[in-house]
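Scroll down for the structure; my scribbles are underneath it.
Protein chains: 2
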Amino acid sequence: MSLPRIAIDAMGGDEGVRVMVHGAAMARRRHDKFSFLLVGDEAQIKSALEEHPNLRGASEILHCEGVVEGDEKPSRAIRRAKTTSMGLAIEAVKNGDCGAAVSAGNTGALMAMGKIALRTMPGIDRPALAGLMPTLLEDDVVMLDLGANTDCDARNLVQFAIMGAAYSRIVTGKAAPRVRLLNIGTESIKGTDDLRQASQRLQDATGLAMQFDGFIEADKINRGEVDVVVTDGFSGNIALKAIEGSARFVTDLLRTAFTSSLRSKIGFLVSRPATELLKHHLDPNNHNGGVFLGLNGVIVKSHGSANAQGVGNAVDVAARLLEDNITQRIMADLAEVEAEMNGNAQGASSPDAGGGPSK
Amino acid sequence: MSLPRIAIDAMGGDEGVRVMVHGAAMARRRHDKFSFLLVGDEAQIKSALEEHPNLRGASEILHCEGVVEGDEKPSRAIRRAKTTSMGLAIEAVKNGDCGAAVSAGNTGALMAMGKIALRTMPGIDRPALAGLMPTLLEDDVVMLDLGANTDCDARNLVQFAIMGAAYSRIVTGKAAPRVRLLNIGTESIKGTDDLRQASQRLQDATGLAMQFDGFIEADKINRGEVDVVVTDGFSGNIALKAIEGSARFVTDLLRTAFTSSLRSKIGFLVSRPATELLKHHLDPNNHNGGVFLGLNGVIVKSHGSANAQGVGNAVDVAARLLEDNITQRIMADLAEVEAEMNGNAQGASSPDAGGGPSK
Numbered sequence: 001m002s003l004p005r006i007a008i009d010a011m012g013g014d015e016g017v018r019v020m021v022h023g024a025a026m027a028r029r030r031h032d033k034f035s036f037l038l039v040g041d042e043a044q045i046k047s048a049l050e051e052h053p054n055l056r057g058a059s060e061i062l063h064c065e066g067v068v069e070g071d072e073k074p075s076r077a078i079r080r081a082k083t084t085s086m087g088l089a090i091e092a093v094k095n096g097d098c099g100a101a102v103s104a105g106n107t108g109a110l111m112a113m114g115k116i117a118l119r120t121m122p123g124i125d126r127p128a129l130a131g132l133m134p135t136l137l138e139d140d141v142v143m144l145d146l147g148a149n150t151d152c153d154a155r156n157l158v159q160f161a162i163m164g165a166a167y168s169r170i171v172t173g174k175a176a177p178r179v180r181l182l183n184i185g186t187e188s189i190k191g192t193d194d195l196r197q198a199s200q201r202l203q204d205a206t207g208l209a210m211q212f213d214g215f216i217e218a219d220k221i222n223r224g225e226v227d228v229v230v231t232d233g234f235s236g237n238i239a240l241k242a243i244e245g246s247a248r249f250v251t252d253l254l255r256t257a258f259t260s261s262l263r264s265k266i267g268f269l270v271s272r273p274a275t276e277l278l279k280h281h282l283d284p285n286n287h288n289g290g291v292f293l294g295l296n297g298v299i300v301k302s303h304g305s306a307n308a309q310g311v312g313n314a315v316d317v318a319a320r321l322l323e324d325n326i327t328q329r330i331m332a333d334l335a336e337v338e339a340e341m342n343g344n345a346q347g348a349s350s351p352d353a354g355g356g357p358s359k
Numbered sequence: 360m361s362l363p364r365i366a367i368d369a370m371g372g373d374e375g376v377r378v379m380v381h382g383a384a385m386a387r388r389r390h391d392k393f394s395f396l397l398v399g400d401e402a403q404i405k406s407a408l409e410e411h412p413n414l415r416g417a418s419e420i421l422h423c424e425g426v427v428e429g430d431e432k433p434s435r436a437i438r439r440a441k442t443t444s445m446g447l448a449i450e451a452v453k454n455g456d457c458g459a460a461v462s463a464g465n466t467g468a469l470m471a472m473g474k475i476a477l478r479t480m481p482g483i484d485r486p487a488l489a490g491l492m493p494t495l496l497e498d499d500v501v502m503l504d505l506g507a508n509t510d511c512d513a514r515n516l517v518q519f520a521i522m523g524a525a526y527s528r529i530v531t532g533k534a535a536p537r538v539r540l541l542n543i544g545t546e547s548i549k550g551t552d553d554l555r556q557a558s559q560r561l562q563d564a565t566g567l568a569m570q571f572d573g574f575i576e577a578d579k580i581n582r583g584e585v586d587v588v589v590t591d592g593f594s595g596n597i598a599l600k601a602i603e604g605s606a607r608f609v610t611d612l613l614r615t616a617f618t619s620s621l622r623s624k625i626g627f628l629v630s631r632p633a634t635e636l637l638k639h640h641l642d643p644n645n646h647n648g649g650v651f652l653g654l655n656g657v658i659v660k661s662h663g664s665a666n667a668q669g670v671g672n673a674v675d676v677a678a679r680l681l682e683d684n685i686t687q688r689i690m691a692d693l694a695e696v697e698a699e700m701n702g703n704a705q706g707a708s709s710p711d712a713g714g715g716p717s718k
């Protein structure tokens with residue numbers, strides 16, 4: 001069986017066609033069984049491909065002139081979707097021509113187009129945006145939802161946990177990733193009703209391919225104690241941006257500190273390998289590839305300002321999600337949790353029912 | 360008029376009586392018109408006071424043997440409040456013997472005892488926990504609520520904005536602090552209904568002693584663009600802990616980086632003044648003093664692991680809140696916003712009403 005193609009929105013992103021094509025070429029070297037559909041201005045794409053014969057031989061170009069603007073309202077972008085590189089890349093997934101689409105363009109438009117064109121997969125009420133964040137250890141942590149859904153109920157959170165665990169298994173190679181719900185304390189009485197209900201359901205569902213460890217607080221996300229952090233889109237976006245802003249705050253302070261005296265400047269130069277290591281570890285390009293999980297098809301969001309390496313990582317993520325068939329993995333776990341919940345519901349309605357988890 | 364006394368829970372906190380008394384003595388040197396009520400084990404307090412004759416002359420000791428444990432449930436602590444140093448410090452505020460209480464003990468118990476003993480001030484539905492966070496510039500930013508209220512409606516958020524602005528005026532000296540609501544985007548359509556309603560009400564209320572600038576995202580909290588960040592207690596706690604965890608994450612990475620090679624170690628030594636500056640800026644002891652705003656009396660929470668300087672800063676905060684009469688300031692702004700809201704309500708019910716804001 002041949003692996004499906006990956007559609008690349010060559011026009012999205014702040015860095016232009018060359019960076020998107022360069023990134024795809026880097027990913028292609030690591031995943032040489034994939035072919036690509038490059039969507040956008042043909043002349044620009046052809047010119048960019050000249051430097052990457054390896055990718056050129058495995059690519060088809062789909063010409064189009066329209067581009068979704070970075071500040072364009074999703075409602076407007078949707079109406080002209082089929083005249084834009086982003087919309088056509090998603091359309092290629094919808095009609096089965098490609099298995100995944102990668103774009104560095106407008107996140108809101110990408111999500112809106114993806115939902116309308118691909119629809120949510122059976123058993124999922126709402127798709128979620130999942131991202132990778134650095135930790136003190138080797139593996140990245142998966143966090144979702146990062147902003148697709150402002151309000152989430154217990155059922156949504158359980159589905160996010162299942163989707164996040166499937167993503168983490170692919171990213172980390174762990175058979176049973178450690179999953180936790182983001183909360184303002186770790187005791188079982190903390191947080192909202194929906195969080196407590198979701199926690200109970202995940203504890204009850206014993207057959208899932210994950211290790212559910214209860215709640216986690218936002219200061220523990222990066223310590224390597226968890227593989228998947230599950231949250232509603234509001235809190236997830238707050239946490240993500242607080243972490244990004246705080247990391248930038250500390251590095252800004254550090255730069256100020258290091259340039260405040262000659263002695264510090266010399267110290268900075270001598271210790272450059274150390275600060276380069278820090279920079280490498282915090283560089284979003286090394287953790288690039290947000291994924292919209294829960295759609296009938298894979299959509300990967302590359303950071304708008306990602307360099308070629310960052311784009312390459314995003315395309316890598318798409319390739320690995322396809323190779324490992326994430327949709328099937330999620331559906332198997334969904335079936336498991338639905339069976340557990342039906343078992344519980346029967347137990348609750350019938351006093352004679354002896355089976356099912358007791359709580 | 361003599362200034363009111365400040366009650367110190369000498370037993371709360373991880374660092375013991377000596378650190379609490381030392382901190383109070385440091386604050387007393389900066390605010391020499393205040394006197395103190397030191398609550399806790401008399402022998403230990405007397406012994407600690409021997410090193411601080413300046414404080415001893417301005418203090419009275421209230422002996423008690425009970426201490427609220429760090430992991431004690433608030434419901435249990437409340438029942439034995441009047442046998443604990445924390446409960447008696449708050450009781451001294453309630454009966455008018457002191458104007459403020461400072462404790463480094465169990466936050467949940469402190470809040471629960473404060474609410475029950477002091478009750479919320481007129482016009483405030485719920486008290487909020489406000490904290491100070493470092494910024495790239497000179498002034499700290501006030502953030503509230505940091506976890507006292509999991510769910511908040513628009514009315515709560517407006518009250519938090521008023522209380523936060525009053526606190527910021529005292530901390531920064533600014534007549535009209537810049538206030539924003541924490542949200543997942545800055546456009547007026549972003550976020551929850553309650554956030555949008557709160558934003559509208561704060562825009563309409565023109566007579567408040569603040570400059571309301573709309574929404575702010577969590578990555579901008581520390582950039583010096585805002586003086587007060589207003590949020591519900593769930594998001595606020597997530598943001599606070601994400602920032603703390605992220606700052607710790609970066610400094611941990613930095614330590615690893617600096618100790619990974621001899622060259623880096625030398626670089627670290629040479630640049631120590633720079634990293635010390637960073638450490639100083641991020642040290643929570645320099646931003647110590649969370650305040651429960653909205654009660655009939657001032658309660659300041661010192662960080663559990665604060666050193667003497669940190670305790671001194673927390674006592675400073677209590678002294679300044681009393682000197683500047685924060686309760687009166689909040690009540691004046693509350694009257695203002697109530698008048699605006701009543702004006703609006705009349706305008707809405709009577710088509711003939713010509714006055715009041717048009718929106």
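Protein sequences, first through last, are from chains A and B. Residues in the first sequence are numbered consecutively from 1, following the working numbering. Residues in the second sequence are numbered consecutively from 360, following the working numbering. By construction, the Cβ of each residue, glycine as well, lies at the ideal position given by its N, Cα and C atoms. Just so we're clear, the structure is a prediction, and the values are computed from it rather than from any experiment.
Nearest to residue i (by Cα), restricted to the options the options
i	options	result
N655 (chain B)	B:L681, B:S661, B:N666 and B:G648	B:L681
R556 (chain B)	B:N542, B:S664, B:M569 and B:G566	Checking the sequence, you will find Gln at residue 556 (chain B) rather than Arg. Of B:N542, B:S664, B:M569 and B:G566, the residue nearest in Cα terms is B:N542.
D9 (chain A)	A:H31, A:G164, A:T107 and A:P53	A:T107
I597 (chain B)	A:V250, A:G207, A:L181 and A:Q211	A:L181
R364 (chain B)	B:V650, B:L396 and B:K549	B:L396
P486 (chain B)	B:A471, B:D400, B:P493 and B:E497	B:A471
G592 (chain B)	B:V696, B:H381, B:D456 and B:L503	B:L503
G96 (chain A)	A:L110, A:D153 and A:A7	A:A7
R56 (chain A)	A:P134, A:M26 and A:E338	A:M26
F212 (chain A)	A:V250, A:F160 and A:E65	A:F160
L129 (chain A)	A:M86, A:T259 and A:I299	A:I299
Q203 (chain A)	A:A104, A:M163, A:M133 and A:V337	A:V337
R560 (chain B)	B:A513, B:S661, B:L469 and B:G671	B:A513
S75 (chain A)	A:L110, A:A104, A:N54 and A:G23	A:L110
Exposure of residue i, with buried meaning 16 or more beta-carbon neighbours within 10 Å
i	result
G669 (chain B)	buried
D140 (chain A)	buried
R388 (chain B)	exposed
E91 (chain A)	buried
L496 (chain B)	exposed
S199 (chain A)	buried
D193 (chain A)	exposed
A43 (chain A)	exposed
G446 (chain B)	buried
Pairwise C-alpha distance: residue j and residue i
i	j	result
A440 (chain B)	G473 (chain B)	10 angstroms
G123 (chain A)	L146 (chain A)	21 angstroms
E428 (chain B)	V68 (chain A)	58 angstroms
T590 (chain B)	G550 (chain B)	12 angstroms
H52 (chain A)	V17 (chain A)	13 angstroms
V398 (chain B)	T479 (chain B)	24 angstroms
G566 (chain B)	D373 (chain B)	44 angstroms
G348 (chain B)	Y167 (chain A)	Any answer about residue 348 (chain B) is impossible in this case: the structure gives chain B only from 360 up to 718.
I326 (chain A)	D333 (chain A)	11 angstroms
A698 (chain B)	L157 (chain A)	42 angstroms
G413 (chain A)	A205 (chain A)	Lying before the first or after the last residue shown, residue 413 (chain A) is absent from chain A, which here runs from 1 to 359.
L49 (chain A)	V229 (chain A)	39 angstroms
R248 (chain A)	I580 (chain B)	11 angstroms
I330 (chain A)	I45 (chain A)	35 angstroms
D642 (chain B)	G490 (chain B)	14 angstroms
D227 (chain A)	N508 (chain B)	29 angstroms
S188 (chain A)	A577 (chain B)	27 angstroms
CB of residue i within 8 angstroms of CB of residue j, strictly
i	j	result
M370 (chain B)	D400 (chain B)	yes
G732 (chain B)	A673 (chain B)	Since the first residue shown for chain B is 360 and the last is 718, residue 732 (chain B) is missing from the structure and cannot be characterised.
S605 (chain B)	I243 (chain A)	yes
V501 (chain B)	V461 (chain B)	no
Problem - Residues of the segment 209-221 of chain A with Cβ closer than 7 angstroms to any Cβ of chain B, in chain order - result: E217, A218, D219, K220 and I221
Exercise for the section: Report the residues of the segment 179-200 of chain A with a CB closer than 9 angstroms to any CB of chain B, ordered along the chain. Expected result: L182, N183, I184, G185, K190, G191 and T192
Problem - Selection of the segment 493-509 of chain B by Cβ proximity to chain A, strictly under 9 angstroms - result: P493, T494, L495, G506 and T509
Exercise for the section: Residues of the segment 582-605 of chain B with a CB closer than 7 angstroms to any CB of chain A: list them in chain order, please. Expected result: F593, S594, N596, I597, A598, K600, A601, I602, E603, G604 and S605
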